[in-house]
Each structure stands twice: as C-alpha cells, then as structure tokens.
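Protein sequences appear in the order of chains A and B.
Per UniProt numbering, the first sequence starts with residue 1, numbered consecutively.
Per UniProt numbering, the second sequence starts with residue 1, numbered consecutively.
Glycine included, every Cβ here is placed at the ideal spot set by N, Cα and C.
Worksheet: one structure, shown below.
Number of protein chains: 2
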Amino acid sequence: MVMTTTDVHGRELRYFVTVAEELHFTRAAERLYVSQPALSKQIRALERQLGGPLFVRDRHGVTLTPTGTALLPHARRMLAVWDEGRSAVERSLADQRTTLTIGMSTSPGRGGLLPAIRSRFTAAHPNANIRLRQISWEDPTAGLADASTDVAFVWLPLPDEHRYTCTVLAEEPRLLALPETHPLASRPEIDFARDLLDEPFLALPDSAGPLHDYWLATDSRGGVPPRIGAEVASTEETYEALVAGLGVVLVATGNAPLITLGGVVTRPVLGIEPSRYVLAHRTDDHRPLPHAYARACRQVAGSNSVTGGGKTA
Amino acid sequence: MVMTTTDVHGRELRYFVTVAEELHFTRAAERLYVSQPALSKQIRALERQLGGPLFVRDRHGVTLTPTGTALLPHARRMLAVWDEGRSAVERSLADQRTTLTIGMSTSPGRGGLLPAIRSRFTAAHPNANIRLRQISWEDPTAGLADASTDVAFVWLPLPDEHRYTCTVLAEEPRLLALPETHPLASRPEIDFARDLLDEPFLALPDSAGPLHDYWLATDSRGGVPPRIGAEVASTEETYEALVAGLGVVLVATGNAPLITLGGVVTRPVLGIEPSRYVLAHRTDDHRPLPHAYARACRQVAGSNSVTGGGKTA
DNA sequence: GGTGGTCATAACCATCAGCTATCACAACGG
DNA sequence: CCGTTGTGATAGCTGATGGTTATGACCACC
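Structure below.
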C-alpha cells in the first residue's frame with residue numbers, strides 16, 4: 001500500500017495562492033522569486049497530491065477549476081494562521097529578550113533583599129522589565145525546569161543540580177514551626193533526634209524531589225521514616241495546616257516571619273543542617289538578563305552581613 | 001544575507017503537536033510512525049527556524065517552553081484548517097465524480113431535447129446527479145474552458161476548437177430578429193448583403209471570440225465592418241435591446257421562440273450560413289459521465305428528424 | 001554497577017525543490 | 001508564409017533535507 005502523505009508544505013500553498021491571484025505562471029514565478037519550471041512543478045505536485053487539477057491551463061491564460069476555487073480560501077486562511085503563529089512566537093521571544101521572569105518558591109522577604117537586587121539590576125539594564133511569579137512547591141526549581149522563569153529564588157538542594165547555577169543568598173538555621181498549643185512549644189529549643197522523630201510533619205509534594213526529604217531532615221533521622229501529617233505546597237497551606245494541628249514543619253530563619261502570624265511559634269532546633277537560600281538560573285542559559293540579575297545578586301549577597309556568605313556555586 | 005524561509009511544512013507542525021501532547025519524544029515518534037531521531041531532528045529544525053526552543057528536554061521528561069505554549073494553539077488550528085481544506089477539495093472531487101454539470105449558452109429548448117437526452121443518460125447512470133448552469137455569453141464555451149461545467153450546449157465555432165469534442169444537435173438556418181415596428185419587418189424574407197450591411201446589430205462581447213464575428217455574419221459582409229448597436233450577453237438582454245430598438249440580431253431557428261415574445265418578429269435571411277448547435281465536452285476529459293452524456297446526445301441527435309444530422313466532429 | 005530508558009549525534013541513502021536549457025504550441029506581424 | 005514572441009511543460013542536474021540504523025551520553029533504578 002502506498003502511504004500517501006496528507007501534509008502540505010506552506011510553500012505549496014503560497015505558490016498556489018499566488019498563481020490563483022496572478023492567473024499566470026510566469027508572473028507568479030517572478031513574484032515568488034523562483035523560476036517558472038519550479039513553480040509549475042510545485043503546482044503539479046500539489047494537484048497530484050490532492051487528486052485533481054486546481055488550474056486549467058489555456059492559451060489565453062490560467063483559470064481556477066472549481067476544486068481550486070474551493071481550496072483557495074482555505075489556503076489563504078492557513079497562511080494567515082501560520083502568520084499569526086509566527087508572530088505569536090516572535091512576540092514570545094521578544095518578550096523573553098526584554099523581560100526577566102523571576103520565580104520564587106517562597107517570598108524572598110529578608111528586609112529589602114529584592115529591592116536591593118532590583119536597583120543594581122536596573123542600573124545595568126534600565127530598559128528591562130521584571131515579572132515576578134509565585135511558583136507552587138510542586139516545582140522545586142520555581143519555573144526554571146520548564147523555562148517558565150529565567151531566574152528563581154529557591155532552596156537547595158535542587159534536582160539535576162548541575163543544570164543550574166546558584167548564588168547563595170542566605171545560609172540560615174532551620175527552626176521548627178508549630179502551633180503555640182503544642183506541648184513542645186514550651187521548650188526554648190528542641191533537639192531534633194530526641195524530640196521530633198515521632199512527630200507528624202508537614203511535607204512537600206513528592207514532585208519536589210530532594211527538597212521533600214530535605215525539609216523533613218531525613219538525613220538526621222537515623223533511618224527512622226518520618227510521619228507525614230499533611231502535604232503542603234505553599235506558605236498559606238503551611239500556615240493553615242499548622243494551626244489545624246496537622247503537624248509541625250521546619251522553616252528557614254528568614255521565612256519565620258511569614259508563618260508566625262497568629263497561633264504559630266518557632267523554636268530553634270539542634271542537630272540539623274542549616275538551609276541555603278539561593279538565586280538560581282539555568283547553566284545553559286547565556287542570555288544577558290539572567291546573568292545580570294545573578295551578578296546583582298552576588299553583589300548584594302557579598303555586602304549583606306546578615307546572610308552567611310556570597311559564595312557562587 | 002541569508003534568506004530564511006518563512007514557510008512551514010505541515011509535517012513539522014504535526015510532529016510538534018504530537019510531541020506537545022505526549023511530552024515524550026520516543027512515544028510521539030512511534031505514534032507518528034517515524035524513528036525517534038527523525039522526530040528529534042525535525043523538532044530541532046523547527047526550533048532553529050523559529051529562533052527559540054519549543055521544548056525543554058529534561059531527564060524527567062519534556063516540557064513546553066512559553067514559546068512552545070504560545071505556538072501550540074496556532075499549530076493545532078493550522079492543521080485543522082488544512083483538514084478543512086482537504087475535505088473541501090475531497091467534496092469537490094467527489095461531487096465531480098457523481099454529478100454532471102451542464103452548461104448552456106442559450107436554453108436548448110427544441111421540444112423536449114433535454115428530457116430526451118436526460119432519459120437516455122440516466123438509463124446508463126441512474127445514480128448520477130445533473131446540474132444545469134446558465135452561462136453568460138462572455139464565455140463561448142459555456143463553462144468548459146474553466147472546467148466549471150462538464151458538458152455544454154454551445155454554438156460553433158468555438159475558440160481552441162481542437163480542445164473540445166462536439167456532437168452536432170441542430171444545423172439550422174439563422175433568422176433575423178427585429179422589432180415588429182422595424183421597416184424590414186414588412187418583408188417576408190431578407191437578403192443579408194443587400195439589406196443588412198448598414199443595419200446596427202446586437203453583438204456578443206469581444207470575449208466570445210469567433211462567435212462574436214459569427215453572429216454578425218462578418219464573413220458575408222464582403223469586408224464592410226458591421227455597425228454595433230449594443231452588446232448583449234444573454235437572451236433576456238437581447239430581447240430588451242431588440243424592443244428598445246438598439247439593433248437587430250441573427251438568431252438560430254430553434255431559438256426564435258425564446259425571443260419572439262411581444263413586439264419582436266423573425267424573418268428568414270438569404271445569403272448566410274446556417275448555425276450549428278452542439279453538445280461539447282473537453283477532449284482531454286475522459287471521465288465516464290461526460291462521455292455517457294455525449295453518447296446519449298448522439299443517439300438523440302441521430303433519431304431526431306428535425307435536426308440536420310447526428311454527426312460527431 | 002549493570003540495565004533499561006531517555007534524547008542527541010553520526011553516517012548514510014533516497015527524495016525533492018531548485019536551477020538552466022529546451023521543447024511544444026499558439027498568436028502575431030512582417 | 002514564415003520567423004518572432006510568449007506561454008506552460010519537460011529534461012537533467014545539483015544541493016538540501018528527511019528518513020533510516022547504529023551509537024553515545026546521561027540518569028534512574030535495581
């Protein structure tokens with residue numbers, strides 16, 4: 001069986017429409033900047049593919065057959081749709097050249113961190129636009145993985161970490177957030193291995209990859225599997241789960257203010273690693289805007305006495 | 001300067017949409033019945049052409065970039081439009097296989113000629129549909145030239161006569177049609193060269209080709225150019241021009257009843273050739289329906305004692 | 001630390017779109 | 001009546017390209 005291809009090349013339609021407009025192969029060919037034989041061959045190929053003639057070639061000129069007349073508006077529309085598609089892509093690419101999309105897993109906060117970076121960034125790129133996007137914790141890369149963001153404020157560790165270049169903004173101890181009514185709330189500080197192994201925790205979704213285990217401090221549990229009280233994917237969900245008593249959760253020191261609104265308190269925890277908050281961008285992304293933003297970040301981090309250090313991974 | 005082609009092949013869009021649906025090159029490739037490298041190459045080519053990536057390839061899968069997301073609906077729509085176009089063509093071709101479109105310059109009339117042909121034709125092709133189309137005299141081939149009709153009742157001579165195969169239905173003397181108030185209306189018969197050389201005539205449009213001169217009987221004028229009283233392109237226009245006194249006109253005997261309605265009379269004319277009314281179809285048209293209709297015509301013409309003869313050119 | 005799965009790359013082959021040169025044919029003009 | 005002009009079609013060639021198989025790099029999972 002002969003597999004007849006049902007596709008069409010845009011070029012064929014363009015040729016067809018031009019011949020239909022000129023009703024003259026030679027003139028159409030020069031309008032199309034191709035030789036007349038090339039045009040003839042293309043039209044014949046299209047006719048062969050469709051199974052019937054589109055034009056009647058006559059001494060006095062060329063005329064459309066009914067079939068050709070039937071096809072013409074569709075061909076025009078198809079070319080128009082393709083033009084729309086191309087300009088949509090063009091707009092999208094232009095947008096990506098001029099605007100920087102910043103993803104964030106949690107609000108950076110930390111007293112003017114974002115404005116400080118922004119002012120340095122806009123000094124280097126005064127015409128660049130900035131777009132901020134809050135990304136669900138389902139995606140630990142905060143949009144970097146699917147290119148929906150250009151740079152992102154995220155927590156280490158990241159999945160596929162070599163794909164991303166990170167600038168550490170803060171290395172902070174992790175605190176325990178818990179309802180103020182919780183028995184442990186009376187302690188001034190808490191020992192992880194002694195007090196928390198049986199405690200139900202709020203956990204990130206599985207899709208968060210290594211972060212899932214990281215915020216459960218699985219490394220510090222000595223093989224004892226954690227109890228999961230609920231799954232949370234945003235700051236708001238975390239707060240609600242805390243006050244509902246579904247579990248306790250580790251938070252970075254810098255994020256504590258976001259969660260200790262009412263009925264929730266935080267306590268220092270002994271025996272777990274501090275957290276590292278970073279600005280990341282894709283390693284294979286060489287566009288100027290993300291790099292400039294990362295550079296601004298390094299400058300701010302280096303001059304920021306509150307954060308642990310300005311080291312760039 | 002590099003001339004970057006702005007066209008796209010439908011195949012590329014189909015591939016793109018499939019990958020976007022599967023978010024998996026290998027699965028998409030087998031759905032498309034191509035090898036995975038072929039698919040990868042095509043997508044890369046499309047990305048290169050558009051100037052930016054459409055997908056992010058990741059260990060965990062494939063995701064659309066914002067650009068890809070922007071393109072996707074347009075790609076889908078384009079494929080849909082092409083499907084519409086193809087089915088429009090398909091409908092047109094199917095229509096042409098099952099229905100016979102008959103063009104006519106003037107109503108065939110002549111006492112049941114059309115029904116007689118039709119009954120023989122439908123006997124041979126009971127499922128065929130017949131469509132009658134009145135064609136302006138601008139086109140002396142009554143739609144054969146641009147394939148808008150399959151067979152046509154027309155007058156000889158035709159332009160590009162070798163392109164058409166004709167069956168003579170009637171060879172009739174030409175009469176003069178004129179207003180009953182015209183001085184010549186009192187004559188029982190009229191001599192063309194003696195009485196009509198200075199008379200204004202109704203003429204066919206120039207586009208009618210050889211018919212233009214034929215119905216002015218230019219051959220019988222001995223080089224004297226005809227006077228044109230008006231240009232007419234249909235029976236109705238002719239009648240109106242006659243009663244308006246714009247000129248006189250030659251008509252075939254069989255068409256006289258169409259024109260002698262009120263205030264118009266016909267008279268025999270000496271010294272001009274008779275007219276030949278034929279059923280024509282394109283010589284290069286080998287489809288069964290037109291041939292069957294021509295065959296039916298030959299049978300009717302052969303048994304018709306009124307017409308001159310059933311000869312096939 | 002294989003093993004299986006992903007997509008990318010390489011090397012090769014067939015097809016095809018483009019070119020130039022030419023043909024077939026009709027119309028026109030001397 | 002015969003060359004000239006102008007039409008679209010054809011032939012033969014070349015470079016580009018879409019397809020194949022085989023293989024590579026990389027990661028996840030036993």
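List the whole-angstrom C-beta distance separating residue i from residue j, where the pair is believed to meet the contact cut-off of C-beta under 8 Å.
| i | j | result |
| --- | --- | --- |
| B:Leu-250 | B:Arg-174 | 5 Å |
| B:Gly-143 | B:Gly-103 | 4 Å |
| residue 331 of chain B | B:Leu-261 | Because chain B in this structure spans residues 1 to 313, residue 331 of chain B falls outside the shown range and cannot be described. |
| B:Asp-150 | B:Leu-93 | 13 Å between Cβ atoms; not a contact. |
| B:Phe-192 | B:Leu-270 | 6 Å |
| B:Gly-229 | B:Leu-246 | 4 Å |
Can you tell me whether DSSP reads residue i as helix, strand or coil?
| i | result |
| --- | --- |
| B:Trp-82 | helix |
| B:Arg-59 | coil |
| B:Val-89 | helix |
| A:Val-243 | helix |
| B:Leu-176 | strand |
| A:Val-249 | strand |
| B:Leu-184 | helix |
| A:Ser-275 | strand |
| A:Gly-103 | strand |
| A:Ser-305 | Residue placement at A:Ser-305 is poorly supported in this model, since its pLDDT is 36, which falls under 50; the coordinates still yield a value, given next. In the structure shown, A:Ser-305 sits in coil (DSSP, three-state: anything other than H, G, I, E or B). |
| B:Met-1 | At B:Met-1, the pLDDT of 45 sits below 50, so the modelled position is not reliable; the number obtained from the coordinates is stated separately. Coil, per DSSP. |
| B:Pro-290 | helix |
| B:Thr-98 | helix |
| B:Arg-282 | strand |
| B:Ala-147 | coil |
Can you check which of these residues, the options, is closest to residue i by C-alpha distance?
| i | options | result |
| --- | --- | --- |
| A:Cys-297 | A:Trp-82, A:Arg-59, A:Arg-120, A:Glu-12 | A:Arg-120 |
| A:Ala-294 | A:Val-243, A:Pro-274, A:Leu-169 | A:Leu-169 |
| B:Val-300 | B:Pro-115, B:Thr-101, B:Glu-84, B:Glu-22 | B:Pro-115 |
| A:Pro-257 | A:Arg-131, A:Tyr-239, A:Gly-209, A:Leu-270 | A:Tyr-239 |
| B:Asn-129 | B:His-9, B:Gln-96, B:Thr-235 | B:Gln-96 |
| A:Asp-160 | A:Leu-211, A:Gln-134, A:Thr-122, A:Ala-124 | A:Leu-211 |
| A:His-24 | A:Gln-36, A:Arg-14, A:Leu-13 | A:Gln-36 |
| B:Pro-268 | B:Arg-76, B:Ser-220, B:His-286, B:Leu-184 | B:Leu-184 |
| B:Cys-166 | B:Ala-70, B:Arg-91, B:Asp-285 | B:Asp-285 |
| A:Ala-208 | A:Pro-225, A:Ser-275, A:Trp-137, A:Tyr-164 | A:Trp-137 |
| A:His-291 | A:Thr-122, A:Ile-135, A:Ile-272 | A:Thr-122 |
| A:Ser-40 | A:Asn-255, A:Arg-31, A:Thr-26 | A:Thr-26 |
| B:Leu-46 | A:Arg-48, A:Glu-180, A:Gly-85, A:Arg-31 | A:Gly-85 |
| B:Thr-67 | B:Leu-54, B:Arg-44, B:Arg-59 | B:Leu-54 |
| A:Leu-289 | A:Ala-124, A:Asp-58, A:Leu-204, A:Leu-216 | A:Ala-124 |
| A:Gln-134 | A:Val-56, A:Thr-235, A:Pro-126, A:His-60 | A:Thr-235 |
| B:Glu-273 | B:Ser-220, B:Glu-237, B:Glu-199, B:Ala-20 | B:Ser-220 |
| residue 348 of chain A | A:Thr-6, A:Ala-20, A:Ile-259, A:Ala-29 | The structure shown does not extend to residue 348 of chain A, since chain A is modelled only from 1 to 313, so the question has no answer here. |
| A:Phe-201 | A:Arg-227, A:Ile-190, A:Asp-213, A:Thr-218 | A:Arg-227 |
| B:Pro-126 | B:Gly-112, B:Thr-98, B:Ala-29 | B:Thr-98 |
| A:Trp-83 | A:Pro-188, A:Arg-14, A:Glu-189 | Reading off the sequence shown, one finds Asp at residue 83 of chain A, where the question assumed Trp. Among A:Pro-188, A:Arg-14, A:Glu-189, the Cα nearest to that of A:Asp-83 is on A:Arg-14. |
| B:Gly-52 | B:Ala-241, B:Ala-20, B:Arg-44 | B:Arg-44 |
So, using beta-carbon positions, are residue i and residue j closer together than 8 Å?
| i | j | result |
| --- | --- | --- |
| A:Leu-72 | A:Leu-79 | no |
| A:Ala-147 | A:Asp-139 | no |
| A:Val-81 | B:His-74 | yes |
| A:Val-89 | B:Leu-50 | yes |
| B:Thr-266 | B:Ala-177 | yes |
| A:Arg-76 | A:Val-34 | no |
| A:Gly-263 | A:Val-232 | no |
| A:His-182 | A:Val-224 | no |
| B:Glu-172 | B:Ser-275 | yes |
| B:Trp-155 | B:Ser-87 | no |
| A:Arg-287 | A:Tyr-164 | no |
| A:Trp-215 | A:Leu-204 | yes |
Which stretch, first to last residue, makes up the alpha helix (DSSP H) that contains residue i?
| i | result |
| --- | --- |
| B:Gly-10 | 10 to 22 |
| A:Ile-228 | Unbroken run through A:Ile-228 is the beta strand (DSSP E), 227 to 231; no alpha helix (DSSP H). |
| B:Pro-257 | 256 to 259 |
| B:Trp-155 | Where B:Trp-155 is concerned, there is no enclosing alpha helix (DSSP H), although the beta strand (DSSP E) it sits in stretches over 151 to 155. |
| B:Pro-210 | 210 to 216 |
| A:Ser-40 | 36 to 50 |
| B:Thr-26 | 25 to 31 |
| B:Ala-193 | 192 to 195 |
Starting from residue i and walking both ways along the beta strand (DSSP E), at which residues does that stretch end?
| i | result |
| --- | --- |
| B:Thr-266 | 264 to 270 |
| A:Ser-119 | Per DSSP, A:Ser-119 belongs to no beta strand (DSSP E); it is in the alpha helix (DSSP H), 113 to 124. |
| B:Asn-129 | 129 to 134 |
| B:Leu-202 | 200 to 203 |
Cβ of residue i within 7 Å of any heavy atom in the ligand GTP?
| i | result |
| --- | --- |
| A:Leu-175 | Only the bare structure without any ligand can be found here, which leaves the ligand GTP out of the picture. |
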